[in-house]
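In the working numbering, the protein residues as written are -19 to 608. Quick reminder that beta carbons are idealized off the backbone N, C-alpha and C, glycines included. Taking it in order: structure first as structure tokens, then the write-up.
Given below as structure tokens:
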């Protein structure tokens, strides 16, 4: 993994809501210094052998995600602890049992939401898939920038292959080399890896956010009628947060409704001001439009004292199981717009309320259809609400089984909790002590990007984002601009917007990647088609090739209508020189410089940044570094 600070991106994160703006500290980076990345080895796993369907996460169920525990049968099989402190490479071949896959699972505790680089490798003959918090991460060995949630996260790897292929696995976690938010100066110090299931483990996701990975050079193109090469950069945009793998959530208003919210709903609000109750009278159209009224419930003491509240619901919507509405509340000469967003299922609502600037916090709410009782699994008598009265002292009513990642229909069979907790009583007690899990914004589906590489700006959008799945955006700039960007720590800038939030990022371009692309195959662009499958065009030698020898790929080449031997197009080439090129089979044709350079002397020569500085004017200094 490249830990160069030039590749890292300093993020000036700005998380904006209508009522507050938070400025996030910047990650300092200096040209020529070395980035120090604190690396955490994944040295303990719960391992199981299983027959699984290709491409599917074997721990995802209809009721959510299952959480492995040692010596218990969870999901597709029984899990065994494998641990060796400080070790990263393991061989689980003996657990594969022929052609079966090996599953390896661990828990990662993060101090807060933030970005890390997770590197997972296996044998070249093996297949590898991985998921973080149940969302796709890798389909092959490599490194991915991952957004972890504050608290406990899950990491699952699946290694498969034929019977002769070893099931090796190595994983490590390091500070992200791409954009970060939160307090970037602190990074993600204090990461902890644990194999056994943490008490009270529940599904966990970061707050909905969009991240960018550092731009990478994908190709150079030499086009007719241009004075410079064009450098294309690939930038991976990823949406993180609660979602179904398709990025669904409270911000997704495109899907048809899967629930009908028409009717009266008793709403219970939990916040620093205590418990408050309201009544929502909702009417939903077939296409998901929602309207109605919201008023304070009759059981509220404040209403009996004359402080009534009533307001019309507007901008209401239902999409899938997600919903949202706004209502204006007023009293004592003040007013505020409350925004309710959440999810609904089977007569139950749950979500958060944004007070629109009237308060500097959000509150959680739950709802049920008026007049209906909600049975809490394990209770003989119906409970008034899903949130138990702490004075009741009954841990069985602390949380429904599905909130603990357990199938309610098998919760009492002891399969997930083990023989020491056959009815899940202890697990519910832990969940009760932990309290209610906050509802976080979902993974955004759409983001708008303003990209700037070396002063070359473009505005684009990324649509149809899915939680955890990278969406690739390509931005092309002249080579000179790309070089300038690689020489500065702030040569890359980006502004990312989604919903009502945005982030501003800045960083650099990896000079080594740019130099390797310069010495690699460069495609031809803007050619005209001629007779007999030939293509032709007039090209000008760019400054980056001044003094070098240029050669074409295998095939027939003509320069100024004269066939050339060995494909040599110019020797030496001079900046601004025009040459008319004709080539057979242009689709597979490319050109490259023949001279030695950075890729040949990288091991024992000066760093890439020094080579890039020498690539200027007639490039004489660059050629001297290469020894001629």
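Neighbourhood of residue i by C-beta distance below 6 Å, restricted to the same chain and skipping five residues each side
| i | result |
| --- | --- |
| residue 117 | 110, 111, 124 |
| residue 577 | 499, 606 |
| residue 473 | 432, 486 |
| residue 115 | 447, 448 |
| residue 464 | 434 |
| residue 595 | 602 |
| residue 91 | 170 |
| residue 27 | 60, 62, 72, 75, 84 |
| residue 126 | 96, 98, 112 |
| residue 604 | none |
| residue 214 | 196, 198, 452, 454 |
| residue 547 | 531, 532, 537 |
| residue 574 | 529, 531 |
| residue 200 | 209, 211, 497, 502 |
| residue 207 | 520 |
Neighbourhood of residue i by C-beta, 7 Å cutoff - its chain only, sequence neighbours within 5 removed
| i | result |
| --- | --- |
| residue 475 | 430, 482, 484 |
| residue 491 | -14, 466, 588, 589, 592 |
| residue 581 | 606 |
| residue 597 | none |
| residue 46 | 39, 54, 55, 385 |
| residue 552 | 527, 528, 529 |
| residue 600 | 527 |
Residue i and residue j closer than 7 Å at C-beta
| i | j | result |
| --- | --- | --- |
| residue 442 | residue 239 | no |
| residue 172 | residue 68 | no |
| residue 237 | residue 272 | no |
| residue 129 | residue 97 | no |
| residue 259 | residue 345 | no |
| residue 244 | residue 120 | no |
| residue 572 | residue 501 | yes |
| residue 333 | residue 318 | yes |
| residue 496 | residue 586 | no |
| residue 647 | residue 212 | Any property of residue 647 remains undetermined from this structure, which presents the chain solely from -19 to 608. |
| residue 81 | residue 30 | yes |
| residue 135 | residue 88 | yes |
| residue 291 | residue 307 | yes |
| residue 461 | residue 436 | yes |
| residue 613 | residue 23 | Because residue 613 is not part of the residues shown, which for the chain are -19 to 608, the question remains open. |
| residue 459 | residue 524 | yes |
| residue 348 | residue 246 | yes |
| residue 86 | residue 25 | yes |
| residue 489 | residue 512 | no |
| residue 322 | residue 183 | no |
| residue 276 | residue 420 | no |
Whole-Å CB distance - residue i paired with residue j, under 8 Å assumed
| i | j | result |
| --- | --- | --- |
| residue 158 | residue 193 | 4 Å |
| residue 558 | residue 518 | 6 Å |
| residue 220 | residue 447 | 6 Å |
| residue 102 | residue 139 | 5 Å |
| residue 50 | residue 137 | Going by Cβ atoms, the distance from residue 50 to residue 137 rounds to 17 Å, so no, they are not a contact pair. |
| residue 209 | residue 298 | So it is not a contact: roughly 52 Å between Cβ atoms. |
| residue 146 | residue 71 | 6 Å |
| residue 270 | residue 293 | 7 Å |
Own chain, CB closer than 8 Å to residue i, minus 5 neighbours either side, in chain order
| i | result |
| --- | --- |
| residue 615 | This structure gives no information on residue 615, because the portion of the chain shown stretches from -19 to 608. |
| residue 613 | No statement about residue 613 is possible, as the shown extent of the chain runs from -19 to 608 and does not include it. |
| residue 395 | No answer about residue 395 holds up, because its pLDDT of 34 lies below 50 and its placement is not dependable. |
| residue 325 | 239, 301 |
| residue 510 | 516, 562 |
| residue 550 | 521, 529, 530, 539, 557, 559 |
Residue i CB to nearest heavy atom of the ligand HEM below 6 Å
| i | result |
| --- | --- |
| residue 270 | Looking at this structure, you won't find the ligand HEM or any other ligand, since it has none at all. |
Identity of the residues DSSP links to residue i by a beta bridge
| i | result |
| --- | --- |
| residue 518 | 560 |
| residue 475 | 430, 484 |
| residue 333 | 320, 343 |
| residue 48 | Paired residue(s): none; residue 48 is not in a bridge. |
| residue 299 | 302 |
| residue 508 | 516 |
| residue 136 | 85, 111 |
| residue 22 | Its beta-bridge partners do not exist; DSSP assigns none. |
| residue 503 | 201, 570 |
Min CB distance residue i to chain D below 7 Å
| i | result |
| --- | --- |
| residue 485 | Of the chains in the structure shown, none is chain D; there is only one protein chain. |
Start-end ranges of the beta strand (DSSP E) lying completely within the stretch 182 to 252, minimum 3 residues: 189 to 192, 196 to 203, 210 to 220, 243 to 251
Every unbroken beta strand (DSSP E) inside the stretch 58 to 101 [3 residues or more]: 60 to 63, 69 to 71, 81 to 90, 94 to 101
Whole runs of the beta strand (DSSP E) within the stretch 522 to 561, excluding any shorter than 3 residues: 530 to 532, 537 to 539, 548 to 550
Sequence ranges, alpha helix (DSSP H) only - wholly within the stretch 558 to 598, length at least 4: 578 to 581, 588 to 594
Residue ranges of each alpha helix (DSSP H) within the stretch 435 to 476, 4 or longer: 459 to 466
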